[in-house]
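Reading through the structure tokens given below for one structure.
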Amino acid sequence: MLATAPLGAEPQPMTAEPILEMRSIDKRFPGVHALDDVSMDVLPGEVHALVGENGAGKSTLMKILAGVYMPDGGEIVYKGQPYAPHTPGDARDAGIVTIYQELNLVPEMSVAENMYMGMELHRGPFLDGRTMHRRSRELLATRLHLDIDPGTSVGKLGVGQQQMVEVAKALLHEADIIIMDEPTASLSLREIADLFTIVRELKSHGVSTIFISHHLDETFELSDRTTVLRDGQLVSTQPTAELTTPSLIQLMVGRDLADHDPKKPVEIGDEILRVEGLTRHGVFEDVSFSARAGEIVGLAGLVGAGRTEVVRGIFGADPLDRGNVYIRDEEVSIKSPRDAIDHGIALLTEDRKSQGLVLLFDVRENITLPVLDRLTRTQLTDTAREREIAAGFIDRLAIKASSQEQQAMNLSGGTQQKVVLSKWLAAEARVIIFDEPTRGIDVGAKAEIYEIMNELAAQGDTIVMVSSELPEVMAMSDRILVMAGGRIRGELSRTEATQERIMHYATASDGNEYAAGDPVHD
Amino acid sequence: MTEAPTAKGRANALVRSVISGAGPALVLIAMAVGLWIMSPAFRSPTSLMLIGLEAAALGLVAAGQTFVILTGGIDLSVEAMVSFSGVIAAILIAGTNVSGGQIAGGFPSWIAIPIALGLGLLIGAGQGVLVTAFRMNPLIVTLGVRSILLGFALVLSRGSGIYIKKDDLLGFITGRFEVFGVNIPIPLVITIVIYIICWIVLKKTKFGRYVYAIGGNETAARLSGVRTHLVKLSIYGISGFLAAMAGILVMGRLESGAYQNGTNLTLMSVAAVVIGGTALTGGIGGIWGTLIGVFMIRLVDAGLVYMSFPSQAKEIMIGAIIVLAVLIDTARRGQIPWLTLRLRGGDSGD
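Listed below in structure tokens is the structure:
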């Protein structure tokens, strides 16, 4: 089994000899056995999907490959040689490059400067900008079929193109293995398609890709083999063609998740929230809609359509230039999140870690943060009351925390989302806005979040849900509003909604780059 | 992290404990014992009382600084505030800004002191407005205000100290009392009382919770309905107020309001806060650690004197302490990989 191919051999397309073998990798963190005897191999030119729930150990395993962590046990053989990177630089020099969800680019610098960062070309003591520029353009054009001016500053590119720059940078480092950690999380559908084309292109050149994604359909579309991790242990590695969605989910969660319609029908009551003419110049224009008790209104659209900005405006997180918000037909003035909370509106932000939680706070402190003022009349805090409230929600939402005093930073994504939700339920919000409620959340926790949304709707709460995942929008919404270019372009009832119709509105805006060429069939 | 009790393991454990929680208190005790043994002069009641007096002023300034740093900010204006409030109070008490002998022709101190404290509160809060409503960088705002306040202190006092005669109130708050033959300075008692109040505010009140929430994640705090601007503005007000209070104590003790009264207190206060375990990034720490930091700095300061170092060496000491304090802060947060002192839980992967 030892790969003894001599170094510098011609790239061989798809041989049986793995280019990389990780054997019995073991890694512990204080209190967590993150990886327990995990083995995995990668073939040259293979797309290898790595899947598992949050906390399964995927990222830890990849960070060991990338030289971020040192393993506590096990060995890695790469191109027939023992491989033990001490720093990310070691890994990159060896030809293993990681592209993280948060891209490592300097927005103010040009594409070429970013690509050559750390390995700039010189002519004498001076930077050889011209050659770097020319080679960047060649590489982008020949390998990635991209016509980007290498002089453009990276900040002016879309997220998808920025990711391509990262890929180009990896190619410049002559990467043999590219690790992509949730590369599609913030990409539009078109950008995802482009990325997949590139991955296939890399494959044809013998470059291997390790691909981490929560989207199982992407796994099926792209990968040759799939490795499943669960609770830090290897479950299986097998050809993706032998798997089905249900069988893969079962491997990931270790139990059957019935694949039924997650939405439960509820009686829809009176109008609770109405917004009229919401405008923030240059961001969104003249947005009007309403939502009723028990109703789940989906806000669909492509990344950058202005959905997040609209709900932030309603919540008072960003100022509005114009427009009115009505609660139960009464106009309310919302100038800050505090005002919105006092009027029973809550916002679960798309990024829980940076906006939803105080990670240094424990579960209890996070849950009671918006309601401290209501708990006591004095300036003092009432810890006993806080404990009672936190205990209630930990029980009600089945929050998996070791105790109320567990720090939020040590919780999984799904559990963090439940803590954020508890916070708003504690604040007695009746209009709950979810922005990408299941982003970065694994399959099991996703079902739980949907279940909670059902319960809220059943008790007459109003839900507005921003989501970029079409299956989610269609499964959970009673009504779908589609935004593009800062405006609402269409409204579809639950029965009318199809992926094609939603995409039709989502791409049909004036001067939208996605408009041309997208299939629009009813 | 289970290590066999080898010599190296024990040494690591010691280093770790020094840098984390209980460490600073142990170091403080060790320093005091060391000085006690090595320097007879240190043992004298007078010297202990002087250290207590010096610790009081630094303690008040550092208490305010703790609040500011807990929210992730910094207040570089404090030493100027100490000088400024002292000069203001001295002029009010003297009734003139022409320095001469010890004068008390103006207001009684029960009027002068509240005015000086009120100005401290207002100017501090004003800095808070610039930091919050105008979104200015606290480092620059407080550095600028520092210069403005020092300038005013210099101009108002015409470059020399305003000497005053203490009245009963000022005499009392800068005085001492005797318990079992030990002189206890009243300023130290005032400072301890303030620390107890600060502890209650930080740990037992909503305001305190908001301070930690802002330091931990200001965006999340704001989106949870915390009036972050109001809290931060208050924080700078508190810092200004406590620095002004320190200014009164220093002025009263020296019987002189002069622009040098606050010299070095900014750096020392930041050092005390950081040595005491409060993270410069905010959100982690507490008030008692700061008090330990304050005494540690005062002991080092006194130690230099009693070990017969030249007084000029003081500047070196302060500089070394602040750099060391920041090094400890960085190590504590696990940001120096080769030190690999995994002091806090560590991330669990995914």
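If you read the protein sequences in the order shown, they are chains A and B. The opening residue of the first sequence carries number 47 in this note's numbering; numbering runs sequentially from there. The opening residue of the second sequence carries number 18 in this note's numbering; numbering runs sequentially from there. The beta-carbon is built from N, C-alpha and C at its ideal position, and this holds for glycine as well.
Per-residue contacts from residue i into chain A (C-beta, under 7 angstroms)
i	result
Gly242(B)	Pro383, Arg384, Ile387, Pro416
Buried or exposed (CB count within 10 angstroms, at least 16 for buried), residue i
i	result
Ser100(B)	buried
Ile224(A)	buried
Glu56(A)	In this prediction, Glu56(A) scores a pLDDT of 41, lower than 50, which makes its location untrustworthy; the coordinate-derived value is nonetheless stated afterwards. Under this definition Glu56(A) is an exposed residue.
Met60(A)	Bear in mind that the predicted position of Met60(A) carries a pLDDT of just 47, short of 50, making it unreliable; the figure below should be weighed with that in mind. With fewer than 16 other Cβ atoms within 10 Å, it is exposed.
Thr133(A)	exposed
Gly557(A)	Here Gly557(A) scores only 44 on pLDDT, less than 50, and its place in the model is too uncertain to base an answer on.
Met210(A)	buried
Trp470(A)	buried
Glu228(A)	buried
Glu237(A)	buried
Thr63(B)	exposed
Ala47(B)	exposed
Lys183(B)	buried
Met549(A)	buried
Gly119(A)	exposed
Arg226(B)	buried
Arg169(A)	exposed
Ala454(A)	buried
Phe151(B)	exposed
Asn160(A)	buried
Glu411(A)	buried
Arg368(A)	exposed
Phe439(A)	buried
Phe326(B)	exposed
Ile122(A)	buried
Whole-angstrom C-beta distance between residue j and residue i, which should lie under 8 angstroms
i	j	result
Val510(A)	Ala337(A)	6 angstroms
Val115(B)	Leu282(B)	Actually they do not touch by this definition, with Cβ atoms about 27 angstroms apart.
Ala112(A)	Thr265(A)	Rounded, the Cβ-Cβ distance is 21 angstroms, inconsistent with contact.
Met163(A)	Val200(A)	Not confirmed; about 11 angstroms, so no contact.
Val65(A)	Asp222(A)	For clarity, residue 65(A) is Ile in the given sequence; the question names Val instead. Yes, they are in contact, since the Cβ atoms of Ile65(A) and Asp222(A) sit about 6 angstroms apart, within 8 angstroms.
Lys223(B)	Asp419(A)	7 angstroms
Phe312(B)	Ala72(B)	6 angstroms
Ser259(A)	Thr230(A)	6 angstroms
Leu316(B)	Ala49(B)	6 angstroms
Ala491(A)	Val417(A)	Wrong, their Cβ atoms sit about 24 angstroms apart, outside the cutoff.
Proximal residues of chain B, C-beta to C-beta of residue i below 7 angstroms
i	result
Val582(A)	The first residue shown for chain A is 47 and the last is 568, placing residue 582(A) beyond what the model contains.
Lys469(A)	Ser241
Leu393(A)	Leu240
Under 9 angstroms from the C-beta of residue i: neighbouring residues of chain B
i	result
Arg400(A)	The sequence given here has Ser at residue 400(A), not Arg. By Cβ distance, chain B contributes Asn234, Thr236, Ala237.
Under 8 angstroms by beta carbon: chain B residues contacting residue i
i	result
Phe480(A)	Residues of chain B passing the Cβ test: none, with the nearest at roughly 14 angstroms.
Phe570(A)	Because chain A in this structure spans residues 47 to 568, residue 570(A) falls outside the shown range and cannot be described.
Closer than 8 angstroms at the beta carbon, the chain A residues around residue i
i	result
Arg226(B)	Glu411, Leu415, Leu418, Thr427
Thr347(B)	Result: empty, since nearest Cβ-Cβ is about 17 angstroms, beyond 8 angstroms.
Which residues DSSP lists as bridging residue i, in chain order
i	result
Asn370(A)	Glu322(A)
Ile223(A)	Ile142(A), Ser254(A)
Gly347(A)	Met529(A)
Gln209(A)	In DSSP, Gln209(A) forms no bridge with anything.
Phe335(A)	Val321(A)
Glu546(A)	DSSP output for Glu546(A) lists no bridge partner at all.
Ile71(A)	Val84(A)
Met9(A)	Absent from the structure is residue 9(A), since the part of chain A shown begins at 47 and ends at 568.
Phe172(A)	Arg169(A)
| said: Under 8 angstroms, CB to CB, which of the residues in the segment 416–436 of chain A have a partner in chain B? | reply: Pro416, Leu418, Asp419, Thr422, Gln425, Leu426, Thr427
| message | Under 7 angstroms, CB to CB, which of the residues in the segment 286–306 of chain B have a partner in chain A? | response | The residues in question are Gly300, Ile301.
| request: With 8 angstroms as the limit, tell me which residues of the segment 138–151 of chain B have their beta carbon closer than that to any beta carbon of chain A; keep them in chain order. | output: Answer in chain order: no residues at all.
| task | Give the residues from the segment 212–223 of chain B that approach chain A closer than 9 angstroms (Cβ to any Cβ), ordered along the chain. | result | Ile217, Val218, Lys220, Lys221, Thr222, Lys223
| field | Residues from the segment 339–365 of chain A in contact with chain B, defined by Cβ distance under 8 angstroms | value | Of all residues in the segment 339–365 of chain A, only Phe361, Ala363 place a beta-carbon less than 8 angstroms from a beta-carbon of chain B.
| query | Given a limit of 8 angstroms on CB to CB distance, which residues of the segment 432–464 of chain A reach chain B? | reply | Gln453, Met455, Asn456, Ser458
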